[in-house]
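Presented below is the structure to which this report refers.
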Amino acid sequence: STYVLDLNDKPSEKCGVLNVTKITENGKKVRKNWTSSWTVLQGSSLLFAKGQGSGTSWVHLPLLLSLSWKTRGSVDWASKDKSSKKHVIELKTRQGTELLIQSEIDSVINDWFRVLTDTISTHVWE
Ligand code: I3S
């Protein structure tokens, strides 16, 4: 896909394996399906790999357009009622989709929290 080509063009700024699930889609609750996903932050986009090898496709989440307070999205620590897991971040998009991302390793998820909040807050809006 085109995202694979993009990845080869520019160095990624952060990557790693996270546990990911959608909990809401277009404002409607959906059944959780936690999956371990290779995740890449590139510029102001977050990419989640689906599948492996030549069958890999990328779910593309443009952070500034989807998650910043300007567009009424958010990045925050998930409240306990969202998951029994530890170290869970909730991503809410302007379109009413909510994702949870999680790692068992607190330094890993803390780094992701910092980089995601930095990405959506340091952008200068014109
Ligand atoms: O928020 P929920 O519904 O308690 O989420 C749990 C369930 O989705 C469960 O799957 P099934 O109900 O389809 O068997 C998952 O295995 C759990 O991981 C979900 O909860 P956590 O608390 O792990 O996010």
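At position 29 of the sequence shown the residue is numbered 465 (full-length UniProt numbering), and the sequence of numbers has no breaks.
Glycine included, each C-beta is placed from N, C-alpha and C at the ideal position.
The structure presented is a predicted model; accordingly, all values stated were derived computationally and were not measured.
Between which two residues does the beta strand (DSSP E) carrying residue i extend?
i	result
leucine 497	493-498
threonine 513	Note on identity: in this sequence residue 513 is tryptophan, with threonine being the wrong assignment. Per DSSP, tryptophan 513 belongs to the beta strand (DSSP E) from 510-513.
leucine 536	534-538
serine 480	No beta strand (DSSP E) holds serine 480; DSSP gives it neither H nor E.
leucine 454	450-461
Would you say residue i touches the ligand I3S, meaning its beta carbon is less than 8 Å from a heavy atom?
i	result
threonine 457	yes
lysine 521	yes
leucine 536	yes
lysine 464	no
tryptophan 513	no
tryptophan 470	yes
Applying the criterion that 16 or more other CB atoms from any shown protein chain within 10 Å of the CB defines a buried residue, is residue i buried or exposed?
i	result
threonine 471	exposed
glutamate 534	buried
isoleucine 537	buried
glutamate 540	exposed
serine 437	Residue placement at serine 437 is poorly supported in this model, since its pLDDT is 39, which falls under 50; the coordinates still yield a value, given next. Exposed is the call here.
aspartate 445	Because the pLDDT at aspartate 445 is just 49, under 50, the model does not fix this residue reliably, and the value given afterwards should be weighed accordingly. Per the 10 Å Cβ criterion, exposed.
leucine 441	Note on leucine 441: pLDDT 44, under 50, position unreliable in the model; the coordinate value appears next. Exposed, because fewer than 16 other Cβ atoms sit within 10 Å of the Cβ of leucine 441.
serine 502	buried
serine 490	exposed
serine 504	buried
For residue i, tell me which candidate among the options has the shortest Cα-Cα distance.
i	options	result
glycine 479	Ser520, Asp512, Asn455, Lys450	Lys450
glycine 487	Gly463, Trp474, Val551	Trp474
proline 498	Thr460, Gly491, Thr529	Thr529
residue 563	Leu552, Leu501, Ser504, Thr460	Because the chain here runs from 437 to 562, residue 563 falls outside it and cannot be looked at.
glutamine 531	Ser539, Val544, Val524, Ser510	Ser510
valine 544	Trp494, Ile525, Gly463	Ile525
Return the first residue and the last residue of the alpha helix (DSSP H) that residue i is part of.
i	result
valine 466	Premise fails: valine 466 is in no alpha helix (DSSP H) and is neither H nor E.
threonine 555	542-557
At least one CB of chain D closer than 9 Å to the CB of residue i: is that the case?
i	result
valine 495	Protein chain content of the structure displayed is limited to a single chain, and chain D is not contained in it.
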